[in-house]
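Enquirer: In full-length UniProt numbering, each number is its position in the sequence shown, counted from 1, plus 20.
Provided herewith is a single structure, encoded as structure tokens, for subsequent inquiry.
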Amino acid sequence: PAGPPLLVAENLEIAYGAVQVVWGLSFKVAQGQVVALIGSNGAGKTTTLRAVAGVLPLRGGRLELAGEDITALPAHARVARGLVLVPEGRQLWPRMTVEENLVLGAYSPALRRRVGENLERVYAMFPRLKERRHQLAGTLSGGEQQMCAIGRGLMAEPRVLMLDEPSLGLAPRLVEEVFRFVREIAAQGVTILLVEQNVHYTLEVADYAYVLETGHLTLEGPAVELRENDYVRRAYLGA
Ligand code: ATP
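In structure tokens, the structure reads:
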């Protein structure tokens, strides 16, 4: 059963200059759930996450986190409230070690005081990062870099963790691994907003999903229902 919505997006309008790419998009993310935004290349998924994170301005619409209107808040204030984005393409500091990258996720004085215990939690989830904690991030494999990026997000003690295409560019075995971690993070009580092109796996881990097509919401529903939906099966599951 879904809890009360932790994150609410109402009628988001997002543009790059004169070019509007997201039109009247509304969605809700219930506490404790994994909610997915799916859609093909260029549908506006990354754009939406960046606007929710506050790194891209909204042209219109409203955002609410735990009942608070956050529409006008700058990105750092949203992070401080627990709305944390793990960007597409990982964006680690390649010349810094794994551990230095992780510690950068603990950006505030309060988080820095808990850096030791949070590092231990991240290492417990990703033992491979612990083994490689002194290795330069730029020399990690693609899957390890993804783990490091997710781990850095966890260092900010997120209430809502937004993951942008965590499976992108990974070998099939690692794709499965990443989705397993998504499940584990959710099981620890972190609410997740997941953007993915891998619709097959996404509909297995998600509780609820929204389908975005050229900037418009075309379909939404519980993931178990979307998996059986004829249109989704034809357009996204290769049926
Ligand atoms: P992908 O999975 O390919 O990243 P997406 O659904 O995340 O797809 P977006 O990256 O949000 O899609 O892109 C949505 C649209 O906005 C695309 O048409 C894209 O070309 C355009 N776009 C993205 N970034 C910019 C930018 N910085 N300036 C102008 N247009 C942009």
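We treat Cβ as the ideally placed atom computed from N, Cα and C, and that holds for glycine.
Here the structure is a predicted model, which is why all the values come from computation and not from measurement.
State the Cα-Cα distance for the pair Arg253 and Ser128, rounded to the nearest angstrom.
Expert: So the two alpha carbons sit approximately 44 Å from each other.
Enquirer: Inspect the CB distances between the segment 169 to 184 and the segment 208 to 221 and report whether three or more fall short of 8 Å.
Expert: Touching, yes, given that three or more Cβ pairs across the two stretches are closer than 8 Å.
Enquirer: Going by DSSP, what residue range makes up the beta strand (DSSP E) through Arg82?
Expert: Taken as a continuous stretch (DSSP letters only), the beta strand (DSSP E) holding Arg82 covers 80 to 85.
Enquirer: Within the present structure, is the beta-carbon of Gln217 separated from the nearest heavy atom of ligand 1 by less than 7 Å?
Expert: Gln217: yes, Cβ under 7 Å from ligand 1.
Enquirer: Should Ile185 be listed as close to ligand 1, given that the test is whether its C-beta is under 7 Å from any heavy atom?
Expert: The question names Ile, yet the displayed sequence has Glu at residue 185. Correct: Glu185 has its Cβ closer than 7 Å to ligand 1.
Enquirer: Can you give the Cα-Cα distance for Gly173 and Gly125, rounded to whole angstroms?
Expert: Cα to Cα, Gly173 sits roughly 6 Å from Gly125.
Enquirer: Go to Gln40, then tell me how far its beta strand (DSSP E) extends in each direction, as first and last residue.
Expert: Taken as a continuous stretch (DSSP letters only), the beta strand (DSSP E) holding Gln40 covers 39 to 50.
Enquirer: Within its chain, find whatever has a CB closer than 6 Å to the CB of Leu45; leave out the 5 residues flanking it on each side and keep chain order.
Expert: Taken in chain order, the residues that qualify are Leu32, Leu237.
Enquirer: Do the segment 110 to 124 and the segment 86 to 102 touch if we need at least three Cβ pairs shorter than 8 Å?
Expert: They do not touch, by the three-pair rule.
Enquirer: Flag Glu108 as yes if its beta-carbon sits less than 8 Å from any beta-carbon of chain B, otherwise no.
Expert: The displayed structure is made up of one protein chain only, and chain B is not part of it.
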